[in-house]
Amino acid sequence: MSATDRDATIGRTGAELDLAARVVELVRRVAGPAAEAEVMVRHNAEALTRFANSMIHQNVADAATTVRLRLHLDGRTAAGSTTVTDLGGLTALVERTIAAVRLSPPDATWPGLTPPSPLHRSAGYHGSGEHSGLDFGFDEATARATPAERAERVRDFVRAAGGLETAGYCRTVYTSAAFANTAGQAVEGRAVEAAMDGIARLNGSDGVARQAAGRLAGLDGAVLGARAAAKARAGERPVELPPGRYEVVFEPGAVADLLDNLSWFGFNGRAYAQRQSFAELGADQFDPSVTLVDEPLGSRDEPAPGLPFDVEGTPRESLVLVREGVTKAVTHDRGSAAEAGATSTGHASEGSRTWGPIATHLRLEASQAATVESVPPADPAGPTAESARPLVARMERGLLITDLWYTRVLDQKALVVTGLTRNGVWLVEDGEVVAAVSNMRFTQSYPQALAPGMVLGIGSESVLLPARWSGTRFAAPAVHLASWNITGNASG
Amino acid sequence: MSHFDEAYAAVQAALDAGARYADARVMVQRTESMTARDGAVEDLSSAESAGLGVRALVGSSWGFYALPDISDAAGRAAGRRAAQIAAASAMVPGPPIDLVPAGAGAATWASTCEIDPLSVPLSAKGDLLVGATAAARDAGADLAEGIYQIWDTRKWFVSSDGHRIDQHIRECGAGVTASAFGDGEIQRRSWPSHRGQYGTRGWELVDEIDLMGHAPRMAEEARALLTAPLCPAGETTLVLGGEQLALQIHESVGHAIELDRILGWEAAFAGTSWLDLEKLGSLRYGSDLMNITIDPTIPGALGSFGFDDEGTPAAKRDAVRDGIWVGVLAGRDSAAVAGLDYGGSVRSDGWARLPMVRMTNVGLEPGPHTLDEIIAATDDGVFMDVNRSWSIDDRRLNFQFGCEIGYEIKNGKRGRMLRNPTYTGIGPSFWQSMDMLSSESIAWGTPNCGKGQPGQIGHTGHPAAPARFRNVRVGVRG
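Have a look at this one:
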């Protein structure tokens, strides 16, 4: 790939803000000074190298700029977007949205525009944002990553699996965005993300390794491939266990699913305002060992994983959702905040008016120190991740679970979820893995599993993980839970 | 306005850069959606998206690149880039790739549409959702939500095999949901489906489902569910309504017969399949009543098209006949790997995404009975309908579904309403227990089928009728 091709979509500082300002001006010209308009311009360049059967079988890239306009005029609201960013496309967007707003029914819930507000500084990268010319830990090399650099990591993963069949992906995403509104808010920012997620397979046993990073250079395909292969080898010849309640240690991948469902259905400000969430502000709803924070700006030497503002232009910052077991906050956009009598927490998205505002950079705080002293390091050839080893060592009898899969909510208020285990389950007795176990189905209230007294330990090492589907990122340690309700096994 | 020239430029550039096969899609999509809550419009959005995606096969390796720019120059740049990406894929190569024939040629196709949904005044569409949610609220709902969605897609496809195909596909649909809040519990009823009914049709589809007429009943049933007894736990005879059976088909048959899953191409994400190609033509999937077809030619169904995104003409095909597994959803390359002679089920959700194996209309052929006859023939069991939750393992075997509403069946009659009905099972055992099937088939649309990395949202159709299953475990709870 030529340098010219590679760089075509990078280094466009200011381009998105100029575009946003042009749309704001177009709205003013066509709809008049009374129109309230907000414009988000997002340039996204995503490249994903996918492998299966130990070969690269899908290798894709795209680069697109999307302009989103939300307009409130004469008490009515409408939104539109386009990928056609020449003058004709932008004019069509403005005219189409004005036409839509004039035909729309009255909107009594319009929360107003974000006033001019400076961006917050990243915890780890000072002086960033707000036209400063600095970035939130932005890694230029990742933004300019080539297909060959991604393929190298795939090749290393495949080789390190030692002949086992492998599958997965290596991904880089570059985002440059700007927001402007008719109230005078104007902000811009950039972010990059890299991630690798792969499995190794052996006789029906899948082992997994995945990692998110702010720099592609931080991903080592060989390390991940070796880890996945070790888990696959340790998962051969699984036994079937009966349904029932089990003590469990969740590796970080399984913990990420807990965080994902808690953010969608529990800490979602819209669900909270509509009484569909379990969340009660100020209540001791979790074990005192649980502290949960949304960190869109990064922390502790982690580059910022997301943009420093949301699609309503609200600056983002860290938000403590749970501190030492006490529910402290839910996530809001301007609409849900107005409904709940609160202020926006910077969690507006294109879909938040429909689905609610969601935390997308959740961290479960790791414990300050290992919960078990003098535990030997995990066997690199064994199934237990280093981060989970101290927790496994103190489990008398229970299950070590790698991943949760296809989790769906049965009861939103109590957040009862059903799903399955995936990529490795092991029976632990007296602190040691004694057998691989076939996958099982569970049906469990997530808040109950994390309730006071139910968390027996939290690991001391957090792992950065990409979500399987969305752009969400998690920071999760391993977790030791007193009880998990297994409701089915491979036989049904 | 045609965009064949830009697509052709992309294909030619990829060939010039070393590809031995290339294809390109120019797509222009317009979408519109509205949601309403409790008698007021909540969100109104429209979007226009236009661009070009190119696929290049260099040696045995694929590359794909997409740009939001429809011009000859952009096409040439994208074609070159796709070939360069394919060359990088060769760093981790696989076996040689062949493509089964796709019936090359020039063609034009459009879905049927009586009332262009984008031409219906926004005020009329808003009045419908406002009215339906207000009616549900007036009838006792604590929360009433309505939605409609419209997609208008034009695409121009060119391949180095000689394809030159343009299609215009219009899709729309709508639904209303009423929720009632109890003490620590929420009950929900939706019409006509848990996310609405959708098809490759015009606004006449929305007119037919009569949201206003059914919204009050949804509210009444949601409120009644709050005090209904819990679905009992145990093993019993299960009668499923057609809407729920459509999702059962989608999850436990449709995904399982995707050839890319069977071949392991989705192993790390969507998963694999319990099906083994060596047993194609002999494996018993279900009872003799089970006849599943793959049919993208059904007029108005959500998974219908004239040609798939590899240029293969739409054609009906058996997937399960008399309970025996006989067919798969395939693409040109996956079919060649599997030694099959047909593709026809490859689509992408937009110009920026790689076409991949997707369901079209995967449906259960109707049976000889009616739902009333099935219930009359059941001494003891549970009836469930309208999906509330779904979960299935990565091999598409172990499933658990929750439904919005259930009724006990006693001595051939529908009895008390039951709340929180769930059922669980293993795919082939479940399908082999089907012993009665209704003739009352509807092609339900599923507009939110997620697959692929980067993620894509597929639109699929599922003809289904009520059916009876024996010895099913119900009432699973946390």
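First to last, the sequence lines map onto chains G and C. Numbered according to our numbering, the first sequence spans residues 774 to 1265. Numbered according to our numbering, the second sequence spans residues 3 to 480. The beta-carbon is built from N, C-alpha and C at its ideal position, and this holds for glycine as well. Quantities reported herein were computed from a predicted structural model and do not represent experimental measurements.
Item                                                                                                                                                                                                          : Value
9 Å is my cut-off, CB to CB: does tyrosine 942 (chain G) come that close to chain C?                                                                                                                          : yes
In chain order, what are the residue ranges of uninterrupted beta strand (DSSP E) at least 3 long that sit wholly in the stretch 203-266 of chain C?                                                          : 236-242
Taking the DSSP output, what are the residues bridged to tyrosine 1019 (chain G)?                                                                                                                             : G:Trp1257
Spell out whether any CB of chain C is found under 9 Å from the CB atom of leucine 846 (chain G).                                                                                                             : no
Give the straight-line distance between the Cα atoms of alanine 272 (chain C) and aspartate 1184 (chain G), rounded to the nearest whole angstrom.                                                            : 24 Å
Starting from the C-beta of alanine 807 (chain G), find all residues in its chain whose C-beta is less than 8 Å away, skip the five residues before and the five after it, and write them out in chain order. : Leu846 and Asp847
Buried or exposed for aspartate 908 (chain G), going by 16 or more other Cβ atoms inside 10 Å?                                                                                                                : A caution first: aspartate 908 (chain G) carries a pLDDT of 45, below 50, which makes its placement in the model unreliable, though a value can still be read off. Looking at its Cβ environment, which holds 16 or more other Cβ atoms inside 10 Å, aspartate 908 (chain G) is buried.
Cα separation between serine 901 (chain G) and phenylalanine 1038 (chain G)?                                                                                                                                  : Confidence is the limiting factor: at serine 901 (chain G) the pLDDT is only 35, short of 50, which leaves the residue's position unreliable, though a coordinate-based value still follows. The alpha-carbon atoms of serine 901 (chain G) and phenylalanine 1038 (chain G) are separated by roughly 32 Å.
Flag aspartate 908 (chain G) as yes if its beta-carbon sits less than 9 Å from any beta-carbon of chain C, otherwise no.                                                                                      : Confidence at aspartate 908 (chain G) is low in this model, with a pLDDT of 45, below 50, so the placement of that residue should be treated as unreliable; the coordinate-derived value is given next. It does not: the Cβ of aspartate 908 (chain G) has no partner Cβ on chain C nearer than 9 Å.
Rounded C-beta distance between leucine 304 (chain C) and histidine 196 (chain C)? I'm assuming under 8 Å.                                                                                                    : Between histidine 196 (chain C) and leucine 304 (chain C) the Cβ distance is about 15 Å, and since that is not below 8 Å, they are no contact.
For methionine 438 (chain C), count neighbouring C-beta atoms within 10 Å of its own C-beta (all shown protein chains included) and say buried if the count is 16 or more, exposed if not.                    : buried
Using C-beta distances below 6 Å, list every residue in its chain close to aspartate 163 (chain C), excluding the 5 sequence neighbours before and after it, in chain order.                                  : Ala106
Could you confirm whether any beta carbon from chain G is found closer than 9 Å to the beta carbon of isoleucine 428 (chain C)?                                                                               : yes
List the residues that DSSP assigns as beta-bridge partners of isoleucine 87 (chain C).                                                                                                                       : Paired residue(s): none; isoleucine 87 (chain C) is not in a bridge.
Chain G partners of threonine 37 (chain C), CB-CB under 8 Å?                                                                                                                                                  : Arg1126 and Thr1127
Check alanine 38 (chain C) in the structure and name its three-state DSSP category.                                                                                                                           : strand
Across which residues does DSSP place phenylalanine 401 (chain C) in a beta bridge pair?                                                                                                                      : C:Ile394 and C:Gly427
Apart from the five residues just before and just after valine 122 (chain C), which ones in its own chain have a Cβ nearer than 8 Å to its Cβ?                                                                : Trp205
Using C-beta distances below 6 Å, list every residue in its chain close to serine 35 (chain C), excluding the 5 sequence neighbours before and after it, in chain order.                                      : Ser47 and Gln151
Would you say aspartate 381 (chain C) faces chain G, with C-beta separation under 9 Å as the test?                                                                                                            : no
To which residues of the same chain is proline 95 (chain C) closer than 8 Å at the C-beta, ignoring the five residues directly before and after it?                                                           : Gly61, Ser62 and Ser63
Using a Cβ cut-off of 9 Å (strictly closer), state whether glutamine 402 (chain C) contacts chain G.                                                                                                          : yes
Using a Cβ-Cβ cut-off of 9 Å, state whether alanine 15 (chain C) counts as contacting chain G.                                                                                                                : no
Given that glycine 853 (chain G) touches chain C, what residues does it touch there, using C-beta distances under 7 Å?                                                                                        : Ser47, Ser48 and Ala49
Show which residues of chain C have a CB atom less than 7 Å away from the CB atom of glutamate 819 (chain G).                                                                                                 : Pro456
Given that tryptophan 392 (chain C) touches chain G, what residues does it touch there, using C-beta distances under 7 Å?                                                                                     : Arg1181
Alanine 316 (chain C) and leucine 261 (chain C): beta carbons closer than 9 Å?                                                                                                                                : no
Whose C-beta lies closer than 7 Å to the C-beta of arginine 926 (chain G) among residues of the same chain, with five residues either side of it excluded?                                                    : Cys943, Met969, Leu992 and Gly994
Find the residues of chain G that neighbour tyrosine 425 (chain C), judging by a C-beta separation of less than 8 Å, and give them in chain order.                                                            : The contacting residues do not exist; tyrosine 425 (chain C) stays about 11 Å from chain G at best.
So which of C:Asn422, C:Pro368 and C:Glu44 has the shortest CA-CA distance to arginine 479 (chain C)?                                                                                                         : C:Asn422
Between proline 1239 (chain G) and arginine 802 (chain G), what straight-line distance do the alpha-carbon atoms span, to the nearest angstrom?                                                               : 43 Å
To the nearest angstrom, how far is it from the Cα of alanine 1029 (chain G) to the Cα of serine 1036 (chain G)?                                                                                              : 11 Å
Using a C-beta to C-beta distance shorter than 9 Å, which residues of chain C count as neighbours of isoleucine 829 (chain G)?                                                                                : Ser63, Trp64, Ala90, Ser91, Ala92, Met93, Val94, Pro95 and Gly96
Measuring CB atoms only, is the stretch 293-313 of chain C touching the stretch 358-365 of chain C, in the sense that at least three cross pairs come out at less than 8 Å?                                   : yes
Write down the C-beta distance between glutamate 147 (chain C) and threonine 179 (chain C) rounded to the nearest angstrom, noting that I regard them as a contact closer than 8 Å.                           : 5 Å
For chain C, find out if any of its Cβ atoms is closer than 9 Å to the Cβ of phenylalanine 1048 (chain G); answer yes or no.                                                                                  : Residue 1048 (chain G) is actually arginine in this sequence, not phenylalanine. Judged by the 9 Å Cβ criterion, arginine 1048 (chain G) is in contact with chain C.
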